[in-house]
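Numbering (the working numbering), first residue to last: -2 to 504.
Backbone N, C-alpha and C fix where the C-beta goes; we use that ideal spot for every residue, glycine too.
Here the structure is a predicted model, which means the values were calculated and not measured.
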Ligand code: AMP
Ligand code: MG
């Protein structure tokens, strides 16, 4: 085994505000390279997520002035054990070979009120896995990652979290010159499909097994019970748990109109979290073929393709796990779970959006409900009705009672088609009190999502040194189902200039 420097020995764990666990490091040096973040010039706090600190029961002092240098990458948190992990992956349908943390540096794993949590600094400088990249992240994309992580959390959608955002005047070259920033992100684990693909592709079954065992033991212990349904095969159970979490995640993305934009296997979390925020977008006008990533010329990651891409990615994961599962038929059978599980999960999400839950959700009604959903989505698509507005207005109209539904026809040019759908919906709801359904619908159909133009306004202000809009959006998006009187403008349709926004992979 090669020797590597024990950087952790330099840190003084006794004065740490965190109780470190660092279980990932037990895997050994085949899985990562220990290194320090690269210093960042003249850092300032742009955002500090004190609410997340509270949720984790980490001391508020962790984000005080004293720790600014640590979250900028200029000093080490006492007891941290910084490293970058290696992974591979399929990008845009092609095997891309070795990738790895090219600009995210893992500081460690610490105990929290929500279980052990890992911390990464994204944009903290080059690593052995940077390839030709500079190891940095620009302020623009870091604001988008910070805000969207927290917006997803506010929506109840699993995501990595954002702990802090540090800005710097340090120049970074992209299409134009921009400035650097560092996001501290937090998750129980940052393991991706690509971590397992890496060792499998090399035929390194021993390390593949070690990594799968680590994931099962520390992050997905439910695999042990699940294995009983798979003839005691715990690796089949691992695939099963991941496909199930992925199906749930995709159903939630589709339900809220979220496009990820870069669903490569290295951007797929083993824990079913939304990870790696790049050219993502919450759709404005509903368009199933919507492509949010300007670089995705083929539309591989278009909104309506996301569920199938997730399956394709799970197939890659299955292939990677085959040397451990050792049974091709069993592997394919586990994957089949997604084909039934995803539509079921999506059906549940869409029925909840329509208020069709509880007693209304009988088995026989489910089939009929799906045609109601499909016909509605076709109608929304044909008129490019704003996705978020539609669902919120429907919820509000229901909460106010059927007569209030009259105003909704203004959303449609083809009013007879809308009226025909509405009549079917009304018949389906039957005698159930619309007010009660409407109140439940207001808890699943958000008033506020992080539309591109909202992020863009916060970015432009921050680029002029004013971070207040990030804070406003962060506060708002923590409770996107509340009305927030006075902040109605944040629920408005995008202004004309937003149509010109082009969001690419460049970050
Ligand atoms: P992404 O498409 O953003 O998920 O990135 C794919 C791979 O490129 C990952 O291994 C990233 O760590 C790496 N990467 C992206 N941008 C940079 C950068 N500016 N410097 C170094 N590595 C990067
Ligand atoms: Mg990535």
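Handout entry: Contact the stretch 224 to 232 vs the stretch 293 to 307: 3+ CB pairs below 8 Å
Key = The stretch 224 to 232 vs the stretch 293 to 307: no contact.
Problem - Contained beta strand (DSSP E) runs [length at least 3] in the stretch 41 to 78, N- to C-terminal order - result: For the stretch 41 to 78, whole beta strand (DSSP E) runs of length 3 or above, ordered along the chain, are 41 to 45.
Exercise for the section: Return yes when at least one heavy atom of the ligand AMP lies under 7 Å from the C-beta of residue 274, else no. Expected result: no
Practice task
Report the partner residues of residue 87 according to the DSSP bridge assignment.
Solution key: 92
Practice task
Flag this pair as yes or no: are the beta carbons of residue 135 and residue 167 separated by less than 8 Å?
Solution key: Not in contact: residue 135 and residue 167 (Cβ atoms no closer than 8 Å).
Exercise for the section: Measure how close the beta-carbons of residue 248 and residue 343 come, nearest whole angstrom, since I'm counting them as under 8 Å. Expected result: Rounded, the Cβ-Cβ distance is 4 Å, consistent with contact.
Practice task
Express the C-alpha separation of residue 275 and residue 505 in angstroms, rounding to a whole number.
Solution key: The question about residue 505 has no answer here: the residues shown for the chain are numbered -2 through 504.
Exercise for the section: Just the C-alpha distance for residue 471 and residue 40, rounded to the nearest angstrom, thanks. Expected result: 21 Å
Exercise for the section: Starting from residue 196, trace the alpha helix (DSSP H) both ways and give me its first and last residue. Expected result: Annotation: the continuous alpha helix (DSSP H) that includes residue 196 extends over 190 to 198.
Practice task
Decide if residue 214 is buried, meaning its Cβ has at least 16 other Cβ atoms within 10 Å, or exposed.
Solution key: exposed
Problem - First and last residue of the uninterrupted beta strand (DSSP E) at residue 161 - result: Counting along the chain, residue 161 sits inside the beta strand (DSSP E) bounded by residues 158 to 170.
Exercise for the section: Assign residue 3 to one of two classes, buried (16 or more other C-beta atoms within 10 Å of its C-beta) or exposed (fewer than that). Expected result: With a pLDDT of 43 at residue 3, under the threshold of 50, the predicted position of this residue should be treated as unreliable, though the coordinate-derived value follows. It counts as exposed.
Practice task
Tell whether a beta-carbon distance below 8 Å holds between residue 157 and residue 272.
Solution key: In this structure, residue 157 lies near residue 272, with their beta-carbon atoms less than 8 Å apart.
Handout entry: Cβ-Cβ distance between residue 146 and residue 268 below 8 Å
Key = no
Problem - Unbroken stretches of the alpha helix (DSSP H), 4 residues or longer, contained in the stretch 275 to 313 - result: none
Exercise for the section: Return the chain-ordered list of same chain residues with a C-beta closer than 7 Å to the C-beta of residue 193, the five sequence neighbours on each side being excluded. Expected result: If we look at residue 193 and ignore the five residues flanking it on each side, its Cβ neighbours are 205, 208, 209, 314, 317, 318.
Handout entry: residue 141 versus 459, 51, 303, 183, residue with shortest Cα-Cα distance
Key = Residue 459 holds the alpha-carbon nearest to the alpha-carbon of residue 141 among 459, 51, 303, 183.
Exercise for the section: Return yes when the C-beta of residue 293 is under 7 Å from any heavy atom of the ligand MG, and no when it is not. Expected result: Incorrect: residue 293 has no Cβ contact closer than 7 Å to the ligand MG.
Exercise for the section: Can you have a look at residue 493 and say buried or exposed, based on whether 16 or more other CB atoms are within 10 angstroms of its CB? Expected result: With fewer than 16 Cβ atoms within 10 Å of its Cβ, residue 493 is classed as exposed.
Practice task
Would you list the one or two residues that DSSP bridges to residue 238?
Solution key: According to DSSP, which records beta bridges pairwise, residue 238 is partnered with nothing at all.
Exercise for the section: Can you tell me which of 33, 113, 64, 400 puts its alpha carbon nearest to the alpha carbon of residue 554? Expected result: Within the shown structure, residues of the chain are numbered from -2 to 504, placing residue 554 beyond reach of any answer.
Problem - residue 324 (DSSP reduced to helix, strand or coil) - result: coil
Exercise for the section: Specify, as a first and last residue, the run of the beta strand (DSSP E) that residue 469 falls within. Expected result: No beta strand (DSSP E) holds residue 469; the alpha helix (DSSP H) holding it covers 465 to 474.
Practice task
Please name the residue, chosen from 99, 349, 103, that lies closest to residue 433 on a Cα-to-Cα basis.
Solution key: 349
Practice task
Using 10 angstroms around the beta-carbon of residue 431, count the other beta-carbons present and answer buried if the total reaches 16, otherwise exposed.
Solution key: buried
Exercise for the section: May I ask you to list the residues that DSSP assigns as paired with residue 175? Expected result: Answer is 169.
Exercise for the section: Would you mind sorting residue 253 into buried or exposed? The rule is 16 or more other CB atoms within 10 Å of its CB. Expected result: By the 16-neighbour rule on beta-carbons within 10 angstroms, residue 253 is buried.
Practice task
Would you kindly check if the distance between the Cβ of residue 235 and the Cβ of residue 106 is under 8 Å?
Solution key: Result no, Cβ atoms of residue 106 and residue 235 do not sit closer than 8 Å.
Problem - residue 255 in three-state terms, based on DSSP - result: Note: residue 255 maps to strand in three-state DSSP.
Exercise for the section: Could you spell out the range, first to last residue, of the beta strand (DSSP E) harbouring residue 116? Expected result: 114 to 119
Problem - Of the residues 420, 100, 290, the one placed nearest residue 30, counting alpha carbons only - result: 100
Exercise for the section: Could you round the C-beta distance between residue 85 and residue 211 to whole angstroms and report it? I think they count as a contact, below 8 Å. Expected result: Between residue 211 and residue 85 the Cβ distance is about 17 Å, and since that is not below 8 Å, they are no contact.
Handout entry: Residue closest to residue 56, alpha-carbon to alpha-carbon, out of 24, 16, 42, 44
Key = When each option's Cα is compared against that of residue 56, the closest is 16.
Practice task
Kindly indicate which three-state DSSP category residue 266 falls into: helix, strand or coil?
Solution key: For residue 266, the secondary structure class from DSSP, reduced to helix, strand or coil, is strand.
Problem - Identity of the residues DSSP links to residue 106 by a beta bridge - result: 115
Handout entry: Alpha-carbon to alpha-carbon, residue 366 and residue 326
Key = One C-alpha to the other measures close to 34 Å.
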